[in-house]
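Asker:
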Amino acid sequence: MTTAIDPELRTKIDAACRMEEGFTKLYNEKVAKKRHQMTRLYMDNGLLVWNGNGANGKDNIQKYFQELLRFEYIMNTLTIIEPSQGW
258 MTTAIDPELR TKIDAACRME EGFTKLYNEK VAKKRHQMTR LYMDNGLLVW
308 NGNGANGKDN IQKYFQELLR FEYIMNTLTI IEPSQGW
């Protein structure tokens, strides 16, 4: 049995999904083709955990991406987290 979702909530969820898909596309393009621009996606105190390895700060994150070998991947899922202020 399914219950109907409030139309306003549905609109917010759909918008969040579109934003996440757009960000994911941008991020993946940077990783694949423009690694020298990765710092634009991180705050000064950003944290990256990639395949069990970490980097702190956007300069170290930039260095980490520059040293990565080329790779291919398949994204199976996206997770959208409710904002701390709620929908």
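Count along the sequence shown from 1, then add 257; that gives the number in this note's numbering.
Every residue gets a Cβ at the ideal spot worked out from N, C-alpha and C, and that includes glycine.
By Cβ distance below 6 Å, which residues in the same chain neighbour Phe322 in space, the five residues on each side in sequence not counted?
Answerer: Arg292, Met295
Asker: Cα separation between Met332 and Lys290?
Answerer: 17 Å
Asker: Run the CB neighbour count on Lys315, radius 10 Å, all protein chains shown included, and call it buried at 16 or more, exposed below.
Answerer: buried
Asker: Thinking C-beta only, is Leu325 closer than 7 Å to Glu277?
Answerer: Contact annotation: Glu277 and Leu325 have beta-carbon atoms that are not nearer than 7 Å.
Asker: Could you give the residue range of the alpha helix (DSSP H) that holds Gly314?
Answerer: Neither: Gly314 is in no alpha helix (DSSP H) and is coded neither H nor E.
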